[in-house]
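Comments concern the structure below.
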Amino acid sequence: EDQVTQSPEALRLQEGESSSLNCSYTVSGLRGLFWYRQDPGKGPEFLFTLYSAGEEKEKERLKATLTKKESFLHITAPKPEDSATYLCAVDAGGTSYGKLTFGQGTILTVHP
Amino acid sequence: GAVVSQHPSRVICKSGTSVKIECRSLDFQATTMFWYRQFPKQSLMLMATSNEGSKATYEQGVEKDKFLINHASLTLSTLTVTSAHPEDSSFYICRSVRGAEAFFGQGTRLTVV
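These protein sequence lines map, in sequence, to chains A and B.
Here the working numbering = 1-based position in the first sequence + 2.
Here the working numbering = 1-based position in the second sequence + 44.
Written as structure tokens, this is what we have:
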């Protein structure tokens, strides 16, 4: 069974204090790993897709990396507007094309 | 702008009534739509996968007679919560795929009183 575990469950940072969120996964075959941002009461917003170990992608203050067992979302010099829940999901492929398994999410709060 | 439009964003209904949630794909044909449910501070749980013109595939433990999914066209998929009860109160979200990209609707907050 595919599993995705995110840590920590919640993270509080001061503005400018860089940190990382972790996403550990166990799948039979990884088609892709996704990172999303979700604001309260809204649907998730796409951030990144990573496909193979060693791949990295960046967007503004965010950088996502991937190994064979986990992914990290690095946040550099965060701002209060980065506060949100960050979700990690995997697409294990097979016959269920596009079907994602989600982690529990990390609630990030950035204080000014 | 949004590529998947979900309505309504919020709905309050009485126990025993039915509620329909719509997801429309904008500017592309969504052959597949995934429906999720999310409880407060929890992750998204896949309920079912709908494919245009065929019956939806439900995840284990999801009552197909209670959560009716219709995907009659390439741009519209609907989820109907029938005979709603307070325990059905939740955040429902749809997701579609366009090529290698996946897009979520804005979500629907359902409250059953």
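Even for Gly, the Cβ is constructed at its ideal location relative to N, Cα and C.
Look at A:K61: its C-beta is not under 8 Å from any C-beta on chain B. Along the stretch 39-65 of chain A, going in chain order, the ones with a CB nearer than 8 Å to a CB of chain B are G43, K44, G45, P46, E47, F48 and T51.
Within the same chain, and ignoring the five residues on either side of B:S134 in sequence, the residues whose Cβ sits closer than 7 Å to its Cβ are R81, Q82, F83 and L154. Rounded to whole angstroms, the separation of the alpha carbons of B:N95 and B:K64 is 18 Å. Listed as beta-bridge partners of B:M77 by DSSP are B:S94 and B:S140. Of all C-beta pairs linking the stretch 107-116 of chain B to the stretch 55-71 of chain A, fewer than three are shorter than 8 Å, placing the two stretches out of contact. Taken residue by residue, none of the stretch 121-133 of chain B has a beta-carbon sitting less than 9 Å from a beta-carbon on chain A. Per DSSP, the unbroken beta strand (DSSP E) holding A:Q40 starts and ends at G34 to Q40.
A distance of 8 Å or more separates the beta carbons of A:T51 and A:G31.
For B:A128, there is no enclosing beta strand (DSSP E), as DSSP marks it with neither H nor E. By the CB criterion at 8 Å, B:F78 and B:R142 fall outside the cutoff. In the structure shown, the three-state DSSP call for B:E66 is strand. Close to A:G107, with beta-carbon spacing below 7 Å, are these residues of chain B in chain order: S87.
In terms of Cα proximity to A:T7, the closest of A:D84, A:T28 and A:S22 is A:T28. Annotation for A:S73: the continuous beta strand (DSSP E) segment containing it runs E72 to I77. Nearest neighbour of A:E3 by Cα position, chosen from A:Y53, A:L102 and A:L23, turns out to be A:L102. At a cut-off of 8 Å between C-beta atoms, B:V47 does not count as an interface residue with respect to chain A.
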